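**Q** Mapping to the UniProt record's numbering: the sequence shown position 183 is 183, numbers consecutive.
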Amino acid sequence: GSAEHQNNRYLLEQFSSSTNAPLSNVLPPVAVLDSPYHFSFVVMPIWSNAFVVGSFDSVRLVITFTRCLLTGLSSLHDHRIAHRDIREDNTLVNGYCPELERFESKAIVGKHLHSPDVAFSFFDYDLAIQLPSNVSVKNSRRPAWEGNRDSPQFHPLHDIYFAQPEYNPFAFDVACLGNMFLYHFTVSIPRRFPVQGHNDDDGVSDRMP
1 GSAEHQNNRY LLEQFSSSTN APLSNVLPPV AVLDSPYHFS FVVMPIWSNA FVVGSFDSVR
61 LVITFTRCLL TGLSSLHDHR IAHRDIREDN TLVNGYCPEL ERFESKAIVG KHLHSPDVAF
121 SFFDYDLAIQ LPSNVSVKNS RRPAWEGNRD SPQFHPLHDI YFAQPEYNPF AFDVACLGNM
181 FLYHFTVSIP RRFPVQGHND DDGVSDRMP
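If you want it as structure tokens, here you go:
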């Protein structure tokens, strides 16, 4: 099957197994339904978009959001899964609003965002790639063109846009997440977000593992 099928199948097995610890802050499918044709159906749980509120208006929410996504990315990388499509649309919050209109759902989900039970997770693994367990996260190399297949909003320029033949997909993930933090927290926090550290550093080897 496709890489997306294999990724979802692997995550489902990890969460279904009684012996394996589930990945933290990574949203697995509920089921992967095979068909006799060249496609399968992925059944996902109902969560809401993490960005319906549109602003981070408390330090607690900023820290919770940051901790959840750093933990989620670390979990994926521990299993040698590079997400390769980190952006707002691929992060969800553990709440559900029956209202389909964004205007109505804004207030309902916004109330949940300030509860102590709020959590955020990554999902959508259509561009993700899982490499062998013996591959080094720090030294992994892939063809650079692979990093240019998703939305370029948070892409680190020094990874794939200056004619490099190869790139590190794990360091690329870290930089994309750091750029997303910087984009959303600049309005809320006047100074550079301190937890971000070297996430978006131009020096690939200086980024957080």
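In this text, a Cβ means the ideal position worked out from N, Cα and C, and glycines have one as well.
Since the structure is predicted, the reported quantities are computational estimates derived from the model, not experimental observations.
1. Considering only residues of the same chain and omitting the five flanking positions on each side of Asn-25, which have a CB-CB separation below 6 Å?
2. Determine, using beta carbons only, whether Pro-36 and Phe-15 come nearer to each other than 8 Å.
3. By DSSP, does residue 232 sit in helix, in strand, or in coil?
4. Can you name the start and end residues of the alpha helix (DSSP H) that Val-59 belongs to?
5. Closer than 8 Å by C-beta to Phe-165: which residues in its own chain qualify, once you throw out the five before and the five after it? Chain order, please.
6. Going by the CB atoms, is the gap between Arg-84 and Leu-131 shorter than 8 Å?
7. Which same chain residues, not among the five before or five after Ser-58, have their C-beta less than 8 Å away from its C-beta?
8. Where DSSP assigns a beta bridge to Gln-130, which residues make up the other side?
9. Going by DSSP, what residues sit across from Asp-34 in a beta bridge?
10. Once you ignore the five residues that flank Tyr-96 on each side, which residues in its own chain have a CB closer than 7 Å to its CB?
11. Which residue or residues does DSSP assign as beta-bridge partners of Pro-143?
12. State the start and end residues of the unbroken alpha helix (DSSP H) segment that holds Leu-157.
13. In terms of DSSP beta bridges, what is Val-26 paired with?
14. Decide if Gly-1 is buried, meaning its Cβ has at least 16 other Cβ atoms within 10 Å, or exposed.
15. How would you call Val-187, buried or exposed, if buried means at least 16 neighbouring beta carbons within 10 angstroms?
**A** This is what the structure gives:
1. Cys-68, Thr-71, Gly-72 and Ser-121
2. If you check the CB distance, Pro-36 and Phe-15 do not come in under 8 Å.
3. Since the displayed the chain opens at 1 and closes at 209, residue 232 lies outside it and no answer follows.
4. 59 to 78
5. In the sequence under discussion, the amino acid at residue 165 is Pro, which differs from the Phe named in the question. Same-chain partners within the cutoff: Pro-143 and Ala-144.
6. In this structure, Leu-131 sits away from Arg-84, with a CB-CB distance that is not shorter than 8 Å.
7. His-114
8. Ile-81
9. Ser-40
10. Ile-46, Trp-47 and Ser-48
11. Paired residue(s): Glu-166.
12. 157 to 160 is the extent of the alpha helix (DSSP H) around Leu-157.
13. Phe-122
14. Gly-1 is exposed by the Cβ-count criterion.
15. exposed
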